[in-house]
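Presented below is the structure to which this report refers.
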Amino acid sequence: MDFELSCPSSDLPGYSPSAPLPSYSCELSCGERRLEHTPRSRSGHLQPSSVFVKKAGKTTIILNDQHEGVTVPSYGRQALIHGNLVLEKSESILEVVIKVEAKLDTTVSDGGAQSSKLLNDSYTLWSHRSQPSGTCPSQIPFSMPLPATFKHNGETSPLPPSYNAGFFSVPSLFVRSSYNIHVIISRIRHRKVDIWPKTKHILIPFTYAPRTRSHRPIIPSPCFFSSVKTSPEEWYQAVTNLKTRPNAQISPITCHLFVPAGRIYGLTDTIPFHIQLSGSGCTLRDLFSQSVLLDRVMSVDSHNTVASKKTMNTKPLLRVYILRQISVTMRGESSWKNNVIGEGTISPMPPESTTCCSSDDDPCQTEHIDWEGEVRCGSDITVGGFSAANAQVKDFIVLTLSPPSPHSSPLLEMQVTVPIRLVTDSFTETVAIMDHAV
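Under the numbering used here, the first residue of the sequence shown carries the number 190, and numbering increases by one thereafter.
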């Protein structure tokens, strides 16, 4: 059975114009209270409003939204590259093309070189073919979106930031990701002869600096012991046993390294850490007795520690640093170089009142020795980790413990490595800077 729907024939009622939206300001008015606020980064990234100008012969290229006085333009993730081309003697122009190009160059001395094309986006701004009776204008605006990803071997990955690293020690290794704005202008050599046009290429290198932000804050804690008990989820713990020589007649020592749980930190973040060595009191005393005479704690390579004598070993007993590893895969083989990009400072912590290494009842009972410290990247580090094509840049927090007498000590050198990710922006704790004005 078929049903036929009938619609009313009456016209729709009339509508009056909507009232204009009220004026709005992000500043609080009298009687208003801010419930939630997501602030900008503490570094205060302001939207640039100046221009970058490059003149090459009869062509002037103007790029908008740049910081004043920069020598190299810069763009962030999915930025819009826009500006104007100013052309002299434009009547002789046959075609104007602008490109956005990017490539990743990698070289390993024992593996060869490889260049991977990341971007090659082309835009025709004006062409005599499409307008045979027209003349190229003397000024052409342009606007090109910068993609966030690229494809390599069928896989889509985020575009890497501009980066340049070179290591000349054998085997040498080089990694460079570069970006260019490429302007191509074709002109006729003579008005009556246009079969051999003259082509001019103008390259403008630019910095690609995508911003990334940590997903959680580093919670400040004046006391580690209370923090790890009340908020254990705020700490990531790495545990390693100190290895001993064969047939060594000593009790084992366990090393605990605590870092903020997120393990994603801003380049300017000061990263707190805590170190604890636990084991037999006798073994702990033997470990430190050959280094310096400290009753309870020891922290070499820290200006905050005062010892009664200097160690004969040039290596610090404890060292915490940020390690950057740059790796390149070529023909199925991986090569890498390690680079220290930040040194930590270490301070000893006083013993708890419930423990003492010199117990009269059992001098070899289980004890622990603790240090606290901070580590951060050097000020020259402006790029976080990334993975693109056949290159990877990864970061780690590393703790090393070197016995004072490595050749005679029954304990072997130890290294604890915690993978981390460095990002451009720190997490801004909203609660800490929320405006409570009423």
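Where is the CB? At the ideal position from N, CA and C, for every residue including glycine.
For residue i, does the three-state DSSP call read helix, strand or coil?
i	result
L281	The sequence shown places Ser at residue 281, rather than the Leu named in the question. Residue state, collapsed to three classes: helix.
S591	coil
K418	helix
D475	helix
E602	coil
F462	strand
E423	helix
F616	coil
M501	Because the pLDDT of M501 is 47, which lies under 50, any placement of that residue in the model is unreliable, and the number read from its coordinates should be weighed accordingly. Of the three classes helix, strand and coil, the one that applies to M501 here is coil, per DSSP.
G470	helix
F413	helix
Q255	strand
R508	strand
K243	strand
R376	strand
V261	coil
C553	coil
I609	strand
M487	Annotation note: pLDDT 35 at M487 (below 50); position unreliable, coordinate value reported separately. Coil, per DSSP.
L235	coil
D559	strand
T338	strand
N436	coil
L276	strand
R222	coil
P349	coil
S597	coil
Answer with buried or exposed for residue i, where buried requires no fewer than 16 other C-beta atoms within 10 angstroms of its C-beta.
i	result
D584	buried
H404	exposed
C325	buried
T345	exposed
G323	exposed
V529	exposed
T260	exposed
K526	buried
S311	exposed
S238	exposed
W560	buried
R376	buried
F631	The structure shown has nothing for residue 631, since the chain only spans 190 to 627.
D299	exposed
P349	buried
S491	Interpretation of S491 is limited by its pLDDT of 42, a score under 50 that renders its predicted location unreliable; the figure taken from the coordinates is listed afterwards. When all chains shown are included, S491 counts as buried.
R223	exposed
P608	exposed
T472	buried
V364	buried
A580	buried
Could you name the residues that DSSP lists as bridge partners for residue i?
i	result
L293	S305, S366
S523	T518
W385	W385 pairs with nothing; no bridge assigned.
G533	V564
G333	Residue identity check: residue 333 is Met in the sequence provided, not Gly. Paired residue(s): I270.
F395	Y368
A354	V364
P431	The sequence as given places Leu at residue 431; Pro does not occur at that position. The partner list for L431 (beta bridge, DSSP) is empty, contrary to what the question assumes.
D584	R513, I609
A577	A580
L456	DSSP, once it has assigned bridges, lists no residue as partnering L456.
Quick one, are the C-beta atoms of residue i and residue j less than 8 Å apart?
i	j	result
S524	S536	no
F395	P262	yes
L314	V285	yes
P593	L506	yes
L274	V289	no
R400	R266	yes
L431	H557	no
M603	G301	no
T249	V242	yes
G562	R610	no
L588	I453	no
V605	T429	yes
A577	S366	yes
I370	K389	no
F339	I287	no
S469	C412	no
T433	P599	yes
Please find out if some non-hydrogen atom of the ligand FAD comes closer than 7 Å to the beta-carbon of residue i.
i	result
Q303	Inclusion of the ligand FAD in the displayed structure is not the case, the ligand content being empty and no account of it being possible.
Does the beta carbon of residue i come closer than 8 Å to any beta carbon on chain C?
i	result
N342	The structure shown contains no chain C, having only a single protein chain.
- Query: Looking at C-beta atoms only, is the number of pairs between the segment 402 to 413 and the segment 429 to 438 that lie closer than 8 Å three or more?
  - Reply: no
- Query: Are three or more beta carbon pairs between the segment 566 to 579 and the segment 439 to 458 nearer than 8 Å?
  - Reply: Cβ pair count under 8 Å is three or more, so yes.
- Query: Any chance the segment 439 to 449 sits against the segment 416 to 427, with 3 or more Cβ pairs inside 8 Å?
  - Reply: yes
- Message: Count Cβ pairs between the segment 274 to 281 and the segment 289 to 296 that sit closer than 8 Å; are there 3 or more?
- Response: no
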